[in-house]
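Student:
Number of protein chains: 2
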Amino acid sequence: MEKAMPDTTAAPTIDDVAREAGVSTATVSRVINDPDLVTVKTRERVQAAIEALGYTPNFAARFMAAKRTFTIGAIIPTMENAIFARGLQAFQEELHRRGYTLLVSSSAYKSKVEEEQIRNLVARGADGLLLIGHDRDQAIYDYLDRQHVPVLVAWSYDTTAHAPCIGFDNRAAMQALTEDVIKMGHRRLAMISGVSEQNDRARLRIAGVRDAMAAQGLDPASLDPIEVPYNIADGQAAFVELIARGTKPSIVLCGNDVLAAGAIRGAEQLNMNVPDDVSITGFDDIELAQVVRPELTTMHVPHRAMGQMAAQELVGMIEEKRKGVSQNLKASIVRRASVRAL
Amino acid sequence: MEKAMPDTTAAPTIDDVAREAGVSTATVSRVINDPDLVTVKTRERVQAAIEALGYTPNFAARFMAAKRTFTIGAIIPTMENAIFARGLQAFQEELHRRGYTLLVSSSAYKSKVEEEQIRNLVARGADGLLLIGHDRDQAIYDYLDRQHVPVLVAWSYDTTAHAPCIGFDNRAAMQALTEDVIKMGHRRLAMISGVSEQNDRARLRIAGVRDAMAAQGLDPASLDPIEVPYNIADGQAAFVELIARGTKPSIVLCGNDVLAAGAIRGAEQLNMNVPDDVSITGFDDIELAQVVRPELTTMHVPHRAMGQMAAQELVGMIEEKRKGVSQNLKASIVRRASVRAL
DNA sequence: GAACAAAATGTAAGCGGTTACGTTTAGCCA
DNA sequence: TGGCTAAACGTAACCGCTTACATTTTGTTC
């Protein structure tokens, strides 16, 4: 099989195409990037050559010469659960509509990994970046400034932060939800939170619960949230631990739906009925919230709208070379069966 | 603010670093790629310069010169549900351990989009690609061959296919599960499948059910699967439609856990008790399977092992320039409460 | 200290595109 | 047909890095 033949195996380059079509590389480039500049006749010849050779332009070379990649990078904390899935999907769809490609990395909630991913995506020529939440070293923002890469933050709203954001007010939302349950008669509140270090969403949701307690005449300091990673098993374990503490909460507020689903399992494990023995709330309103029994009372986050708007804004920042405009989306309470009035 | 000053805003290049450190660009490059080749003294000087300037090498340039990116691309059908999440997470972790970065795109189960993403990732210099399932145009494989990009397929096992794969035998697994329930006394089988076009997993699972029916003396032709997209709402609707047909199945086999979760909701909607009125099975054994009530009898797929092995194999293919070796992993039945013996 | 080998560093040619600028061709009008 | 302008196309520099090869420095031995 080792016949001596010219190396037809190497990927064709623009030179190959130019030779095949009998034109210069500049013309080939024009056919690809700005076809109107080329005669119909030549254009067709070049396109035939491209077709025949199965040529695809090399992005790296293109990027080096043109400084644009039409790529957006997104770094999310996790792909393991669905929290970011729907928003990201909407984000991608909108980008696709506008001619951009999305590249996704996940950081496993580790800031070191996130930083690595950011540098990676930037070095790879991402025209812009979507990040989740505001909590990260100033050094990273400085780096991104130096590299002139526009950044948009989602899932949080905080105008005092370094980057523009499309999100919602985690603190106010959690406060609203908490006040709602307090008004339903709950006084003994407990909380299972995500790990709040380097996670402003988790931190602000805890603060929101305390705000509500203060506003409703309860002692905010009495809240002693358990912090665990966002997954079902940890939520379950946290619930069991909470009960083992001896305090009998009438309601357990969870940092998100995943933890709440875990908490429900925990209650089941302890033969406690939800909501008769204990009420439980979630946050996010992902599909899971309607899958568990009882269905979760939770805070609905407009994931799809957030993703779509983020895409629009980020592309705007890139193409018009302007600063991003932050937007505060509205999250709303969804009342379902996991909470009962006392 | 428009002072006339040298443009300190441009991202620093290797030339800047070289000048700052008083060495040649070659030396800077060596410090980065092969530090042992450089004296400790110079090395430190260069590193200080890198630090001072906040320099990050440009991947595109690097790739052009060196033909390597240490990047792996993965294209999954969807990020919306958790089917691929765990496997992909394990894949990424293993890659990270070996010094590679993972870039993920999702195709929304559309082959045109998938093709676009493949070309994109390749043009971007991915050293290798992970794809899900075997069903795609031969033209794509030809393209990948021409570009010399190693490809590994996961989630399917089929040695007759064009690409090496790390997966499991969807057909045999589904056959095993089906035979199991037939042996529990079920005779009136129905199925809710994912859309089987361009999806070998879905197709093979249907075939597996028929295999089992044939083997157990039932008529395979009597199975008339409903095909719907993999999400809860569609699973629910499919279940309702199935019952509306008038045939009263004793068990509904679902193409995956997501559809099964939907089917349970459908049963609830029709006031049917699972498993007393109808049994339901899933496939995949994702977290969801233990969240729904009743918990799902399903086929456990070794997601993490699959992801990890896929990473090992793909890196091996890249670094040793060899063909990939396929592996058939074992999926196993998990019996839970959603199926009852008749 | 000379001679030589080995280690450290520098020089410069690409990698595969884009694009400013120069040259050729085509189109139009007198 | 000649002359002028605009359109089409070609030439070549450049993007930021790696690396083969050339050169310089360092270390060793006698």
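Residue numbers (my numbering), protein chains in the order written: chain Y, 1 to 342; chain Z, 1001 to 1342. Even glycine gets a Cβ: it sits at the ideal position worked out from N, Cα and C. Computed from a predicted structure; not experimentally measured.
(1) What are the partner residues of phenylalanine 1168 of chain Z, as DSSP defines its beta bridges?
(2) Once DSSP output is grouped into helix, strand and coil, what is the label at aspartate 1277 of chain Z?
(3) With which residues is histidine 162 of chain Y paired in a DSSP beta bridge?
(4) Taking 7 Å as the threshold (beta carbon to beta carbon), is glycine 1125 of chain Z in contact with chain Y?
(5) Report the CB separation of asparagine 1081 of chain Z from asparagine 1231 of chain Z in whole angstroms; it is logged as a contact under 8 Å.
(6) Which residues does DSSP list as the beta-bridge partners of aspartate 284 of chain Y?
(7) Can you grab the Cα-Cα spacing for the pair tyrosine 343 of chain Y / tyrosine 55 of chain Y, in whole Å?
(8) So, with DSSP's three-state summary, where would you put glycine 324 of chain Y?
(9) Let me know if proline 302 of chain Y comes out buried or exposed under the rule of 16 or more other beta-carbons within 10 Å of its beta-carbon.
(10) In the structure shown, what three-state DSSP assignment does glutamate 197 of chain Y receive?
(11) At a Cβ threshold of 7 Å, is methionine 306 of chain Y touching chain Z?
(12) Using only CA atoms, which one of Z:Asn1271, Z:Pro1077, Z:Asn1033 and Z:Arg1098 lies nearest to valine 1104 of chain Z?
(13) Would you say the region 1190 to 1210 of chain Z touches the region 1165 to 1176 of chain Z, given that touching needs at least three Cβ pairs under 8 Å?
(14) Let me check understanding here. Comparing Cα to Cα, which of Y:Ala263, Y:Val291 and Y:Ile286 lies closest to valine 278 of chain Y?
(15) Using a Cβ-Cβ cutoff of 7 Å, what residues of the region 1073 to 1084 of chain Z are near chain Y? List them in chain order.
(16) Assuming threonine 42 of chain Y is part of the alpha helix (DSSP H), what are its boundary residues?
(17) Is there contact here, the region 1108 to 1116 of chain Z with the region 106 to 122 of chain Y, by at least three beta-carbon pairs under 8 Å?
(18) Could you list which residues in chain Z have their beta carbon closer than 8 Å to that of glutamate 94 of chain Y, in chain order?
(19) Would you grab the beta carbon distance between arginine 1336 of chain Z and glutamate 1295 of chain Z for me? Rounded to a whole angstrom, and I think it's under 8 Å.
(20) Please confirm if leucine 1259 of chain Z has its CB atom under 7 Å from at least one CB of chain Y.
(21) Contact criterion: CB-CB distance below 7 Å. Does asparagine 120 of chain Y meet it with respect to chain Z?
(22) Please report the straight-line C-alpha distance between valine 1028 of chain Z and threonine 1042 of chain Z, rounded to a whole angstrom.
(23) In the DSSP output, which residue or residues are listed as bridge partners for isoleucine 1072 of chain Z?
(24) Does DSSP put valine 151 of chain Y in a helix, in a strand, or in coil?
(25) Tell me which residues share the same chain as glutamine 1216 of chain Z and place their Cβ nearer than 7 Å to its Cβ, disregarding the 5 neighbours each side in the sequence.
(26) Going by the C-beta, is alanine 1267 of chain Z closer than 6 Å to any heavy atom of the ligand HEM?
(27) Ignore the nearest five residues each way along the sequence and tell me which others in alanine 1289 of chain Z's own chain have a CB closer than 7 Å to its CB.
(28) Which bits of chain Y does valine 1292 of chain Z rub up against, with CB to CB less than 9 Å?
(29) Suppose the cutoff is 8 Å on Cβ atoms and the five residues either side in sequence are ignored; what does the same chain contact list for proline 35 of chain Y look like?
(30) For isoleucine 251 of chain Y, write down the residues that DSSP places opposite it in a beta bridge.
(31) Can you list the residues of chain Z that isoleucine 232 of chain Y reaches, using a CB-CB cut of under 9 Å?
(32) Interface residues of chain Z around glutamine 147 of chain Y at Cβ under 8 Å?
(33) Leaving out five residues on either side along the sequence, give the residues of the same chain with a beta carbon under 8 Å from the beta carbon of alanine 267 of chain Y.
(34) Count the other C-beta atoms from every protein chain shown that fall within 10 angstroms of the C-beta of arginine 1322 of chain Z, then say buried if there are 16 or more, exposed otherwise.
(35) Find out if the Cβ-Cβ distance for the pair serine 250 of chain Y, arginine 201 of chain Y is shorter than 7 Å.
Tutor: So, from the listed chains and residues:
(1) On the second sequence, position 168 is the one that residue 1168 of chain Z refers to. Bridge partners of phenylalanine 1168 of chain Z: Z:Leu1329.
(2) Numbered from 1 along the second sequence, position 277 holds the residue referred to as residue 1277 of chain Z. Three-state result, aspartate 1277 of chain Z: coil.
(3) By 1-based counting over the first sequence, the position of residue 162 of chain Y is 162. Histidine 162 of chain Y is not bridged to any residue.
(4) Mapped onto the second sequence, residue 1125 of chain Z falls at position 125. It does: the Cβ of glycine 1125 of chain Z has a partner Cβ on chain Y nearer than 7 Å.
(5) Stepping through the second sequence from its first residue, residue 1081 of chain Z is reached at position 81. Stepping through the second sequence from its first residue, residue 1231 of chain Z is reached at position 231. Asparagine 1081 of chain Z to asparagine 1231 of chain Z, Cβ: 7 Å. Contact.
(6) Mapped onto the first sequence, residue 284 of chain Y falls at position 284. Note: aspartate 284 of chain Y sits in a beta bridge opposite Y:His300.
(7) It is not possible to answer for residue 343 of chain Y, since the shown part of chain Y is limited to 1 through 342.
(8) Mapped onto the first sequence, residue 324 of chain Y falls at position 324. Three-state result, glycine 324 of chain Y: coil.
(9) Locating residue 302 of chain Y in the first sequence gives position 302, counting from the first residue. So proline 302 of chain Y ends up on the buried side.
(10) Position 197 of the first sequence, counted from the start, is the residue given in the question as residue 197 of chain Y. Note: glutamate 197 of chain Y maps to coil in three-state DSSP.
(11) Numbered from its first residue, the first sequence carries residue 306 of chain Y at position 306. So no, methionine 306 of chain Y is outside the interface.
(12) As a position in the second sequence, residue 1104 of chain Z is number 104, starting the count at 1. Comparing Cα-Cα distances from valine 1104 of chain Z to each of Z:Asn1271, Z:Pro1077, Z:Asn1033 and Z:Arg1098, the minimum goes to Z:Pro1077.
(13) The region 1190 to 1210 of chain Z, when compared against the region 1165 to 1176 of chain Z, does touch it at the 8 Å Cβ threshold.
(14) Here residue 278 of chain Y refers to the residue found at position 278 of the first sequence. Comparing Cα-Cα distances from valine 278 of chain Y to each of Y:Ala263, Y:Val291 and Y:Ile286, the minimum goes to Y:Ala263.
(15) Met1079, Glu1080, Asn1081 and Ala1082
(16) By one-based count along the first sequence, residue 42 of chain Y stands at place 42. Run containing threonine 42 of chain Y: 40 to 53, per the alpha helix (DSSP H) assignment.
(17) no
(18) As a first step, residue 94 of chain Y must be located in the first sequence, where it is residue number 94. Under the 8 Å cutoff, chain Z gives no residues; its nearest Cβ is about 13 Å from glutamate 94 of chain Y.
(19) Locating residue 1336 of chain Z in the second sequence gives position 336, where the first residue counts as 1. Locating residue 1295 of chain Z in the second sequence gives position 295, where the first residue counts as 1. About 4 Å separates the Cβ atoms of arginine 1336 of chain Z and glutamate 1295 of chain Z, confirming a contact at the 8 Å cut-off.
(20) Here residue 1259 of chain Z corresponds to residue number 259 of the second sequence, with the count starting at 1. Output row for leucine 1259 of chain Z: interface = no.
(21) Residue numbering aside, residue 120 of chain Y sits at position 120 when the first sequence is read from its first letter. True, the Cβ-Cβ gap to chain Z drops below 7 Å.
(22) Position 28 of the second sequence, counting from 1, holds the residue named residue 1028 of chain Z. Position 42 of the second sequence, counting from 1, holds the residue named residue 1042 of chain Z. Cα to Cα, valine 1028 of chain Z sits roughly 9 Å from threonine 1042 of chain Z.
(23) Along the second sequence, one-based indexing puts residue 1072 of chain Z at 72. Beta-bridge annotation (DSSP): isoleucine 1072 of chain Z is paired with Z:Leu1102 and Z:Gly1128.
(24) Locating residue 151 of chain Y in the first sequence gives position 151, counting from the first residue. Three-state DSSP puts valine 151 of chain Y in a strand.
(25) The count along the second sequence starts at 1 and reaches residue 1216 of chain Z at position 216. Glu1179 and Ile1182.
(26) The model depicted lacks the ligand HEM and carries no ligand whatsoever.
(27) Sequence index remark: in the second sequence, residue 1289 of chain Z carries index 289 (1-based). Listed in chain order, the non-local C-beta contacts of alanine 1289 of chain Z below 7 Å within the same chain comprise Asp1257, Gly1282, Glu1295, Leu1296 and Thr1298, local neighbours out to five positions each way being set aside.
(28) What you label residue 1292 of chain Z is simply residue 292 of the second sequence in a count that begins at 1. Here the neighbours are Val291, Val292 and Arg293.
(29) The sequence position of residue 35 of chain Y within the first sequence is 35, counting from 1. Within the same chain, proline 35 of chain Y has close Cβ partners Arg43.
(30) The count along the first sequence starts at 1 and reaches residue 251 of chain Y at position 251. DSSP lists Y:Leu189 and Y:Ser279 as partners of isoleucine 251 of chain Y.
(31) If you number the first sequence from 1, residue 232 of chain Y lands on position 232. Glu1287, Gln1290 and Val1291, listed in chain order.
(32) Indexing the first sequence from 1 puts residue 147 of chain Y at position 147. Residues of chain Z passing the Cβ test: Ala1011 and Thr1056.
(33) Here residue 267 of chain Y is taken as the residue at index 267 of the first sequence, counted from 1. Counting only Cβ-Cβ distances below 8 Å, and skipping sequence neighbours, we find Phe239, Asn273, Val274, Asp277, Val278 and Ile280.
(34) Position 322 of the second sequence, counted from the first residue, corresponds to residue 1322 of chain Z. The residue is exposed, with fewer than 16 neighbouring Cβ atoms inside 10 Å.
(35) Translated into positions along the first sequence, residue 250 of chain Y becomes position 250. Translated into positions along the first sequence, residue 201 of chain Y becomes position 201. Cβ distance not < 7 Å, so serine 250 of chain Y and arginine 201 of chain Y don't count as in contact.
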